[in-house]
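Take the sequence shown: its position 88, counted from the start at 1, is 346 in the working numbering, and no numbers get skipped. Where is the CB? At the ideal position from N, CA and C, for every residue including glycine. Step one of this worksheet: look at the structure below.
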Amino acid sequence: MIEFHLHSRSGVAYYVQIAEQVRHAIRAGLLRPGDQLPTVREVVASVAVNPNTVLRAYRDLDREGLLTMRSGSGTFVAAPAAAAEEGALYAQLAGELRRWIATARRRGADERTLAALFDQVLHETTREVAT
259 MIEFHLHSRS GVAYYVQIAE QVRHAIRAGL LRPGDQLPTV REVVASVAVN
309 PNTVLRAYRD LDREGLLTMR SGSGTFVAAP AAAAEEGALY AQLAGELRRW
359 IATARRRGAD ERTLAALFDQ VLHETTREVA T
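Laid out in structure tokens, this is it:
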């Protein structure tokens with residue numbers, strides 16, 4: 259089962275962090291269609307957040323088609339079609355990122371510079387999306 263790790267100093271809303279961790283687990287194959295996610299109560303107990311925060315993340319993922327929320331039964335990873343679509347997007351983005359890295363390396367950027375730039379842009383973009 260997935261364990262959430264929230265970072266208060268990241269500047270990224272907790273519900274966004276939870277949703278991103280679920281997306282990553284699905285893309286990486288750590289969560290598969292039909293797998294049950296922790297209940298809202300379990301997440302609240304483990305990371306000390308407001309229940310509405312967890313619900314917002316789960317509902318957003320449900321609207322995206324990645325999760326299915328069943329009243330009284332729990333929250334589950336959605337059927338393969340939605341998960342497969344997410345996996346295809348992940349593969350496409352990974353390819354684009356590889357090309358970007360190759361271009362930057364040819365222009366003299368080292369690993370540390372690339373990592374710092376990626377982190378900076380990622381955090382800026384994530385904050386923009388969350389607001």
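Beta-bridge partners of R328 (DSSP): G332.
Counting every other CB atom within 10 Å of its CB across the protein chains shown gives T333 a total of 16 or more, marking it as buried. Taking each of H381, R365 and Q279 in turn and checking the Cα distance to D318, the smallest one comes out for Q279. Uninterrupted alpha helix (DSSP H) stretches at least 4 residues long and entirely within the segment 283-317 occur at 298-305, given in chain order. In the three-state DSSP reduction, I276 falls in the helix class (H, G or I).
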